[in-house]
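Written below as structure tokens is the structure these notes are about.
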Amino acid sequence: MNVIEVNDVTKIYNGGIKTPKVTALKNLTLNVSEGTIFGLLGPNGAGKTTLIKILLGITFQTIGTAKILGQDISNYRVKSKVGYLPENHKFPPYLTGEQLLKFTAQLTGTYEKNVNKKIYELLDLVKMTKWGKTKIKKYSKGMMQRLGLAQALVNDPALIFLDEPTDGVDPIGRKEIRDILLDLKSRGKTIFLNSHLLSEVELVSDRVAILNKGQLIQEGTVEELTTAKEVYKITFDDELNNEQVNGFSDYSLKPEGNKSYSVKVSDPEKLNKLIDDIRKKNINIKSIVPLRKSLEDMFISLIKESDKENKKYFNNNG
Amino acid sequence: MKNILTITRLTINEALARKNFIMFFIISTLVLLVILGVFVSTDIEELIGSIQLKGEKFHGDILSQLSQFFRLIIVMPLYAGGLFISIFSVSSFIPHLLEKGTVDIFLSKPISRPQLILGKYLGGIVVVLINVLYLVVGIWILTGWKFGNWDPAFLSTAFSITFAFSVLYALIIFIGILTQSSVLAMMLSYLIFFVLSPLLVNREKIAVFFGGKVLSVILDGLYYLIPQTSELGTITSRIAGADSIESFTPIYVSFAFIILVLAVSIIIFNKKDY
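From first to last, the protein sequence lines are chains Z and D. Here numbering that gives the first Met the number 0 is used: the first residue of the first sequence is 0, the next is one more, and so on. Here numbering that gives the first Met the number 0 is used: the first residue of the second sequence is 0, the next is one more, and so on.
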């Protein structure tokens, strides 16, 4: 079941007298399955936050339709099953952490008799128990993020939107947040994660989408996105000498370090022929695996490619 | 309704967290203490005697008239001063709510935009009512104790003052949604309260002085368009002085103003991107 369905959504911000119109999202179609962690990546201004805001009714789409948890986003009641941690949030500074969570429980219609127990379970989850009775204005950025995550979970949501959840959090805190996300996923929650920290998204996400200038340029599992097509990494028992490296006229071996080389082959048959050629030369192969790029490398190359195409399009069409 | 009450409660918390309302409370307490001091140090018989020496004549119940006189001279500054502080205190409620990072939190919850605005509106009114009630009840108790006049009608001045505030607060919400500027909302409210409304009460004299039918029509239009806070002040003073209210029209017009301005505010808020 799709928990999020975005169909052909376009968002155009009307400019003012001195500012031009901005297309924040362009014909975006996207689905997110139940019980997964979905990472949304993109450079600044790609439209990531706009998409979340549209799904939560904070901003309205210009065209297109969208559903969350099977209901149209215009139905505000559906948000009782949704949690949200906004980027650069400002919680009322005069409240304590405990009061904020109680207030959130009231707003989401989940305030019950045992709300205190629930609140302290959440504060414990985000390691904020001892700060529960302290006013928010005294919190550090990292503490605010932890509290923000707790408030996003108050109503035991089925769908959780997190916009830069680890912003300002130290490495240990980030690891803790990652563990919380994985735990939530194991309990069947769907998490929509918006982050510019690619390595983090790579570590927790089941599927990833990349936005650039409001357009979806790639979507898939982390493995699908990071696996370079037709490129393999061959590791040998020993380092090859120059003669051996250049001894394959039909292939080009590129050193990848540590007795490993990458090679591009157009089909599996050619890969088998290469193996035969190597073996004929009595070189021992230790392993052959499809070459994987890091998410960061893939992200940068995709964005560059997309920018190039956009430029070409504008040059051709004036 | 539950959502509106939740927002109302948060707005009250917000108001209490601000020093302005605490200042309002402290000033009210000081005013009550000063009145108490004056009453304790004043002998009623001497007071009546000295007034009669000056040639003033009382008809009927002297004590009752004295208590009404005191209530009147206290309530009118309270009307002006109380509204001044209240406007100052609430003018930032909507701009704060609409700040990036705050509005996202509220709008992401299962609460509709009209509920959010109505909750904020009610919250501001409740806070001002509490403050005004504190002062009005305090004055009522002190004058009742001193002059034995326990006429409960005086207590309704708390509601007439709060009603005048609620008219201006509707306007503050409208300006806040439209511009997100607390300063503009505050300035416009003060302009209406201290300048335009008192001027428009005398619109007929102004029209006669400057001449011209067009001006007369414009002034009449403005009179019915903007909140009639001067008239509401007059109604408050008549209640304080135990006089009957001559015309309820300002109350009806102001009520219509509140409904209209809040409706327009909600329509605009419903369509805005944040």
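Backbone N, C-alpha and C fix where the C-beta goes; we use that ideal spot for every residue, glycine too. Quantities reported herein were computed from a predicted structural model and do not represent experimental measurements.
When the Cα atoms are used, what is the spatial distance from residue 178 of chain D to residue 135 of chain Z?
Residue 178 of chain D sits at position 179 when you count from the first residue of the second sequence. Residue 135 of chain Z sits at position 136 when you count from the first residue of the first sequence. If I take the Cα positions, the gap works out to 28 Å.
Listed in chain order, which residues of the stretch 53-84 of chain Z have Cβ atoms closer than 8 Å to some Cβ of chain D?
55, 56, 57, 58, 59, 75, 76, 77, 78, 79, 81, 83
Quick check: is the beta carbon of residue 78 of chain D nearer than 8 Å to any beta carbon in chain Z?
Here residue 78 of chain D refers to the residue found at position 79 when the second sequence is read from its first residue. So, not an interface residue.
Counting contacts by CB-CB distance shorter than 8 Å, is residue 234 of chain Z in contact with chain D?
Residue numbering aside, residue 234 of chain Z sits at position 235 when the first sequence is read from its first letter. No, residue 234 of chain Z does not count as interfacial toward chain D.
Where the beta strand (DSSP E) containing residue 217 of chain Z begins and where it ends:
Here residue 217 of chain Z refers to the residue found at position 218 of the first sequence. Start and end: 214-220.
Restricting to Cα atoms, I'd like to know which of Z/78, Z/127, Z/248, Z/88 is closest to residue 104 of chain Z.
Here the question's residue 104 of chain Z lines up with position 105 in the first sequence. Of Z/78, Z/127, Z/248, Z/88, the residue nearest in Cα terms is Z/78.
Alpha carbon to alpha carbon, how far is residue 100 of chain Z from residue 33 of chain D? Give it in angstroms, no decimals.
Numbered from 1 along the second sequence, position 34 holds the residue referred to as residue 33 of chain D. Numbered from 1 along the first sequence, position 101 holds the residue referred to as residue 100 of chain Z. Distance between the alpha carbons of residue 33 of chain D and residue 100 of chain Z: 43 Å.
Using a C-beta cutoff of 8 Å, does residue 195 of chain Z count as contacting chain D?
The count along the first sequence starts at 1 and reaches residue 195 of chain Z at position 196. With 8 Å as the cut-off, residue 195 of chain Z does not count as an interface residue toward chain D.
Pull up the distance between the alpha-carbon of residue 231 of chain Z and that of residue 256 of chain Z, whole angstroms please.
Walking along the first sequence from the start, residue 231 of chain Z turns up at place 232. Walking along the first sequence from the start, residue 256 of chain Z turns up at place 257. The straight-line gap from Cα to Cα measures roughly 14 Å.
Looking at the secondary structure, which residues open and close the alpha helix (DSSP H) in which residue 219 of chain D lies?
Mapped onto the second sequence, residue 219 of chain D falls at position 220. 212-224 is the extent of the alpha helix (DSSP H) around residue 219 of chain D.
Scan the stretch 91-118 of chain Z for residues whose Cβ lies nearer than 9 Å to a Cβ of chain D and list them as they occur along the chain.
91, 92, 93, 94, 98, 102, 103, 105, 106, 107, 108, 110
Note down, one range per segment and in chain order, each beta strand (DSSP E) of at least 3 residues found wholly within the stretch 101-129 of chain D.
none
With distances taken between CB atoms, is the gap from residue 166 of chain D to residue 235 of chain D smaller than 8 Å?
Counting from one through the second sequence, the residue named residue 166 of chain D turns up at place 167. Counting from one through the second sequence, the residue named residue 235 of chain D turns up at place 236. No, they are not a contact pair.
Taking CB distances under 8 Å as the criterion, tell me whether residue 87 of chain Z reaches chain D.
Position 88 of the first sequence, counted from the start, is the residue given in the question as residue 87 of chain Z. Cβ-Cβ to chain D under 8 Å: yes for residue 87 of chain Z.
Which chain Z residues are close to residue 273 of chain D, counting only those with a beta carbon under 8 Å from its beta carbon?
Residue numbering aside, residue 273 of chain D sits at position 274 when the second sequence is read from its first letter. Here the neighbours are 52, 57, 58.
By the 10 Å Cβ neighbour count, where 16 or more other Cβ atoms means buried, how is residue 158 of chain Z classified, buried or exposed?
Along the first sequence, one-based indexing puts residue 158 of chain Z at 159. Result: buried.
Provide the residue(s) that pair with residue 4 of chain Z in DSSP beta bridges, ordered along the chain.
Counted from its first residue, the first sequence places residue 4 of chain Z at position 5. For residue 4 of chain Z, which the question treats as bridged, DSSP gives the partners Z/30, Z/66.
Here's the rule I'm using: 16 or more other beta-carbon atoms within 10 Å means buried, otherwise exposed. How should residue 304 of chain Z be labelled?
Position 305 of the first sequence, counted from the start, is the residue given in the question as residue 304 of chain Z. So residue 304 of chain Z ends up on the exposed side.
Going by C-alpha to C-alpha distance, which of D/141, D/169, D/196 sits closest to residue 259 of chain D?
Position 260 of the second sequence, counting from 1, holds the residue named residue 259 of chain D. Among D/141, D/169, D/196, the Cα nearest to that of residue 259 of chain D is on D/169.
Between residue 36 of chain Z and residue 205 of chain Z, how many whole angstroms is the CB-CB distance? I'm expecting something under 8 Å.
For this step, residue 36 of chain Z is matched to residue 37 along the first sequence. For this step, residue 205 of chain Z is matched to residue 206 along the first sequence. About 5 Å separates the two Cβ atoms, so the contact holds.
Helix, strand or coil for residue 12 of chain Z per DSSP?
Here residue 12 of chain Z is taken as the residue at index 13 of the first sequence, counted from 1. It is a strand residue.
If contacts are defined as beta-carbon pairs under 8 Å, then residue 156 of chain D and residue 74 of chain D qualify, I think. What distance do you get, rounded to the angstrom?
The count along the second sequence starts at 1 and reaches residue 156 of chain D at position 157. The count along the second sequence starts at 1 and reaches residue 74 of chain D at position 75. About 5 Å separates the two Cβ atoms, so the contact holds.
So, residue 3 of chain D versus residue 114 of chain D, is the Cβ gap smaller than 8 Å?
Mapped onto the second sequence, residue 3 of chain D falls at position 4. Mapped onto the second sequence, residue 114 of chain D falls at position 115. A contact, by the Cβ cut-off of 8 Å.
Please decide whether residue 122 of chain D counts as near chain Z, where near means a Cβ-Cβ distance under 8 Å.
Numbered from 1 along the second sequence, position 123 holds the residue referred to as residue 122 of chain D. Chain Z, which has no Cβ nearer than 8 Å to the Cβ of residue 122 of chain D, makes this no.
Around the Cβ of residue 70 of chain D, are there at least 16 other Cβ atoms within 10 angstroms (buried) or fewer (exposed)?
Counting from one through the second sequence, the residue named residue 70 of chain D turns up at place 71. By the 10 Å Cβ count, residue 70 of chain D comes out buried.
Same chain, Cβ closer than 8 Å to residue 289 of chain Z, five either side skipped, listed in chain order:
Position 290 of the first sequence holds residue 289 of chain Z. The residues are 226, 227, 230, 231, 232.
Evaluate residue 145 of chain D with the Cβ neighbour count: other Cβ atoms within 10 Å of its Cβ, from every protein chain shown; 16 or more gives buried, anything less gives exposed.
If you number the second sequence from 1, residue 145 of chain D lands on position 146. Classification for residue 145 of chain D: buried.
Since residue 160 of chain D contacts residue 195 of chain D with CB under 8 Å, what's their CB separation in whole angstroms?
Position 161 of the second sequence, counted from the first residue, corresponds to residue 160 of chain D. Position 196 of the second sequence, counted from the first residue, corresponds to residue 195 of chain D. Contact flag wrong, Cβ pair sits at about 19 Å.
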